[in-house]
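Enquirer: Final position of the sequence shown in the numbering used here is 917; the numbers increase by one with none missing. Here a beta-carbon is modelled for each residue, glycine too, at the ideal position from N, C-alpha and C.
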Amino acid sequence: MNCAQNFLCDFGLKKGLEHLDAIREKFLTITDRFAGLQAQWLNVHVDFPLLQRIGLPITIGSVYYAGIKIHETRIIRLLEVLLHGGNSLGGWTARHIHQVVLENFQLSEKAYGFNQLRYDLRKLKGHGLLERDGSRYAYRLTPKGIQVALLFLFFHKRLCGPLANSRFHHLPDP
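(1) Rank Ile801, Pro792, Gly877, Val844 by C-alpha distance to the C-alpha of Arg861 and give the top, closest one.
(2) In the DSSP output, which residue or residues are listed as bridge partners for Ile801?
(3) So, for Asn830: in the same chain, excluding its five sequence neighbours on each side, which residues have a beta-carbon less than 7 Å away from its beta-carbon?
(4) Roughly how many whole angstroms lie between the Cα atoms of Gln842 and Asn858?
(5) Since Leu881 contacts Gly834 with CB under 8 Å, what's their CB separation in whole angstroms?
(6) Kindly identify the DSSP beta-bridge partner or partners of Thr836.
(7) Using a Cβ-Cβ cut-off of 7 Å (strictly less than) and excluding sequence neighbours within five positions of Ala690, which residues of its own chain qualify?
(8) In chain order, what residues of the same chain have a beta carbon less than 8 Å from the beta carbon of Glu852, not counting five sequence neighbours either side?
(9) I need the straight-line Cα distance from Gly877 to Arg883, nearest angstrom please.
(10) Of all the options Lys769, Leu780, Leu760, which has the alpha carbon lying nearest to the alpha carbon of His827?
(11) Please confirm whether Leu821 and Gly810 have their CB atoms less than 8 Å apart.
(12) By the DSSP assignment, the beta strand (DSSP E) with Glu874 in it spans what residues?
(13) Run the CB neighbour count on Ile773, radius 10 Å, all protein chains shown included, and call it buried at 16 or more, exposed below.
(14) Quick one: grab the DSSP three-state call for Lys900.
(15) Work out the CA separation of Gly759 and Lys866 for me, nearest whole Å.
(16) To the nearest angstrom, report how far apart Pro792 and Gly888 are at their CA atoms.
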């Protein structure tokens with residue numbers, strides 16, 4: 744279970760009623776930024792040409808990248824982990840991503856190996872959904888990657904999941 748705990752000293756603020764205006768001003772900025780991001784996340788439209796383009800393999804120079812399909816479970820899990828990267832502002836290392844995917848989805852090393860993760864990261868990077876953080880081997884989603892991740896997750900959690908659930912769970916006969 745992840746727990747977020749904010750201490751005033753983490754924001755460069757002091758306790759006390761005399762500092763309430765500074766606290767209010769700082770937290771108003773944080774809340775505005777969060778509301779802006781949430782509005783951006785909820786403003787996801789189904790872009791079928793984008794899904795079609797991402798699903799096709801591409802070649803950049805002499806490097807071939809396989810297409811990304813909307814039903815690939817490994818990619819959906821990976822995008823979900825990368826999307827919830829609020830605690831990794833400097834980007835995610837491949838080892839950290841692998842560990843979080845294994846923990847969050849109760850997978851074994853054999854079910855999702857490190858080489859499979861590296862292949863998936865390479866594919867996301869080739870399609871412009873993932874970028875390296877400077878010269879470090881740390882990764883983060885690009886703005887296009889955030890939109891695609893949200894689209895994939897909304898599709899699976901809000902559309903396919905409820906439809907499949909209602910299809911296989913029948914009401915009892917009266």
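Expert: The answer reads as follows:
(1) Residue mapping note: residue 861 aligns to position 118 of the sequence shown, counting from 1. Among Ile801, Pro792, Gly877, Val844, the Cα nearest to that of Arg861 is on Val844.
(2) Here the question's residue 801 lines up with position 58 in the sequence shown. Answer is Tyr808.
(3) Against the sequence shown, residue 830 aligns to sequence position 87. For Asn830, the predicted structure reports a pLDDT of 47, less than 50, and the residue's modelled location is therefore unreliable. The matter cannot be settled from this model.
(4) Here residue 842 refers to the residue found at position 99 of the sequence shown. Here residue 858 refers to the residue found at position 115 of the sequence shown. Near 13 Å, if we compare the C-alpha coordinates of Asn858 and Gln842.
(5) On the sequence shown, residue 881 is found 138 positions in, with the first residue counted as 1. On the sequence shown, residue 834 is found 91 positions in, with the first residue counted as 1. First, the residue type needs correcting, since residue 881 is Ala and not Leu in the sequence shown. That pair is a contact at about 3 Å.
(6) Locating residue 836 in the sequence shown gives position 93, counting from the first residue. BP columns for Thr836 point to Ala881.
(7) Only positions 744 to 917 of the chain appear in this structure, which leaves residue 690 out of reach.
(8) In the sequence shown, residue 852 corresponds to position 109, counting from 1. Same-chain partners within the cutoff: Leu845.
(9) Position 134 of the sequence shown, counted from the first residue, corresponds to residue 877. Position 140 of the sequence shown, counted from the first residue, corresponds to residue 883. Whole-angstrom Cα-Cα distance: 11 Å.
(10) Residue mapping note: residue 827 aligns to position 84 of the sequence shown, counting from 1. Among Lys769, Leu780, Leu760, the Cα nearest to that of His827 belongs to Leu780.
(11) On the sequence shown, residue 821 is found 78 positions in, with the first residue counted as 1. On the sequence shown, residue 810 is found 67 positions in, with the first residue counted as 1. No, Cβ-Cβ distance for Leu821 and Gly810 is not below 8 Å.
(12) Along the sequence shown, read from residue 1 onward, the residue named residue 874 stands at position 131. Segment 873 to 875, the beta strand (DSSP E) holding Glu874.
(13) Within the sequence shown, residue 773 is the residue found at index 30, counting from 1. Label assigned to Ile773: exposed.
(14) As a working mapping, residue 900 is identified with position 157 in the sequence shown. Looking at Lys900 - three-state DSSP - the assignment turns out to be helix.
(15) If you number the sequence shown from 1, residue 866 lands on position 123. If you number the sequence shown from 1, residue 759 lands on position 16. C-alpha separation (whole angstroms): 51 Å.
(16) Along the sequence shown, one-based indexing puts residue 792 at 49. Along the sequence shown, one-based indexing puts residue 888 at 145. Straight-line Cα distance between these residues: approximately 15 Å.
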